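Engineer: Per this note's numbering, the very first residue in the sequence shown carries number 8; after that it's consecutive.
My questions all concern the structure below.
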Amino acid sequence: MDTATRTILEQRIGYTFTDHDLLRAALTHASAVEDRLDSNERLEFLGDAVLGLITCQRLFTRYPDLEEGDMTKVKSAAVSRQSCSDVAISLGLCDFTILGKGMRSGVDIPMSISAGVLEALIAAIYLDGGYDAASAFVISFIDTLIDESIESGHQENYKSLLQQHAQRILGDVPVYRVLDEKGPDHAKAFKVGIIVGARRFEAAWAQSKKQAEQIAARNALAMLGIIEVDDAGFARVANNEDTE
């Protein structure tokens, strides 16, 4: 790779390599070399782990109300082969991928290859510049993928979605309060209300506090115009998310 080509790629990814061989290795598919150890497969293995760690850290930090099972679902969607491939294509990595003869090049390369190049590149940045450099690169795209995963319904954690938008729209965090409960101990129902700053939202009844909180959060999101709930009770993200 000549200097001009490398500079173009480094500008796209926002990182300048010290070890140019690492960058070349990250872009080299197994079809282009005789020995697979000279390909990007080992870097892809490491990059998958680095990407996973940074994604988990961002989920843990940015969504404090997200439970373990939900974090697992969101992470799986955010770092899926499809997601990684989409990022690779958007960065133009496919144009720089080194392939064997007869292999399709550019955006037509298989999803597994483009996704692998992204993971290998993450590992190369990690080895060249350390964790902070790799984290900065991953954060440049992973936060958006996480948010899209949550808002598109990969899991229905309305509390986390409300947490995100309440701070942006109302400048405060939601407070959940049990307003009432009824029924015997083995079959109680709970009424939960939400307050965000000085604003109160429609309360909700459910068979558990957690479920009532989720329904109440959904009600609040609908009142804020973040989601739309149809007559059948199905919710989707509204087009005008900036409603205040």
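Built from N, CA and C at the ideal position, the CB exists for glycine as well.
Predicted, not measured: the structure shown is a model, and the values here were computed from it.
#1: Can you give me the Cβ contacts of ARG184 inside the same chain, cut-off strictly under 6 angstroms, excluding the 5 residues immediately before and after it?
#2: Where in the stretch 166-221 do unbroken runs of the beta strand (DSSP E), each at least 3 residues long, occur, reported from the N-terminal end onward?
#3: What does the alpha-carbon distance come out to for the pair LEU177 and GLU235?
#4: Does LEU66 pass the burial test, meaning 16 or more other C-beta atoms within 10 Å, or should it be called exposed?
#5: Which class does GLU235 belong to by DSSP, given the choice of helix, strand or coil?
#6: Assuming ALA33 contacts ALA130 under a Cβ cut-off of 8 angstroms, what Cβ separation, rounded to an integer in Å, is found between them?
#7: Going by DSSP, which residues form a beta bridge with THR35?
#8: Compare the Cα-Cα distances from GLU209 to each of VAL203, ALA11, LYS216, ALA223 and report the closest residue.
#9: Taking the continuous alpha helix (DSSP H) assigned at SER87, which residues delimit it?
#10: Restricting to Cα atoms, I'd like to know which of ALA211, GLU155, HIS36 is closest to ALA127.
#11: Using a Cβ-Cβ cutoff of less than 7 angstroms, which residues in the same chain neighbour LEU169 once the five nearest sequence positions on both sides are dropped?
#12: For ASN164, tell me which candidate among GLN89, ASP28, ILE202, MET78 has the shortest Cα-Cα distance.
#13: So, is GLU51 buried or exposed, given that buried needs 16 or more other C-beta atoms within 10 angstroms?
#14: Mind reading off the beta-carbon distance from VAL40 to ILE157? Whole number of angstroms is fine, and I expect it under 8 angstroms.
#15: For LEU125, does the count of other Cβ atoms within 10 angstroms reach 16, so buried, or fall short, so exposed?
#16: I'd like to know whether the C-beta atoms of SER147 and ALA122 end up nearer to each other than 8 angstroms.
#17: Out of ASP192, ILE15, ILE105, SER87, which one is the CA nearest neighbour of SER215?
Structural biologist: Quick answer:
#1: GLY200
#2: 181-189, 196-203, 206-213
#3: 19 angstroms
#4: buried
#5: strand
#6: 7 angstroms
#7: ILE105
#8: ALA223
#9: Counting along the chain, SER87 falls outside any alpha helix (DSSP H), and DSSP gives it neither H nor E.
#10: HIS36
#11: PRO181, ALA224, ALA227, LEU228
#12: MET78
#13: buried
#14: VAL40 to ILE157, Cβ: 40 angstroms. No contact.
#15: buried
#16: no
#17: ASP192
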